[in-house]
Amino acid sequence: MTLAEDLRTKYALTSFKVRGNCLPLMAINEALEAAAQVADRGDAPGIASQIRALKWQTQTATYAPEIHSERDAA
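The sequence shown begins at 1286 in the numbering used here and counts up one residue at a time.
1. Leaving aside the five residues before and after K1340 along the sequence, list all residues of the same chain whose C-beta is less than 7 Å from its C-beta, in chain order.
2. In three-state terms, what does DSSP make of D1291?
3. Can you give the Cα-Cα distance for A1321 and A1312, rounded to whole angstroms?
4. Taking DSSP as the reference, what is the three-state secondary structure of D1325?
5. D1328 to A1319, Cα distance in whole Å?
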């Protein structure tokens, strides 16, 4: 069993697909959001916001020029 498979089954991360193309960052963000929701339920909104601040930002802006240039080349 790979680490990705172990994490997916252990923590029910829907974005960690076996042989899928989903980014591991999505799974990390899902785990952080789950932890933040637990903190919210425990009446700790400050901790929940700190956990949410740890989420990884997607870098779609860095990929946009590459996609745009491929369209121009076609």
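Don't be surprised by glycine CBs; every beta carbon is placed ideally from N, CA and C.
Values in this document were obtained by computation on a predicted structure and should not be read as measured data.
This is what the structure holds:
1. Beyond the five residues adjoining it in sequence on each side, K1340 comes within less than 7 Å, by CB distance, of N1314, L1317 in the same chain, given in chain order.
2. Helix.
3. The straight-line gap from Cα to Cα measures roughly 14 Å.
4. Of the three classes helix, strand and coil, the one that applies to D1325 here is helix, per DSSP.
5. Distance from the CA atom of D1328 to the CA atom of A1319, rounded to whole angstroms, is 15 Å.
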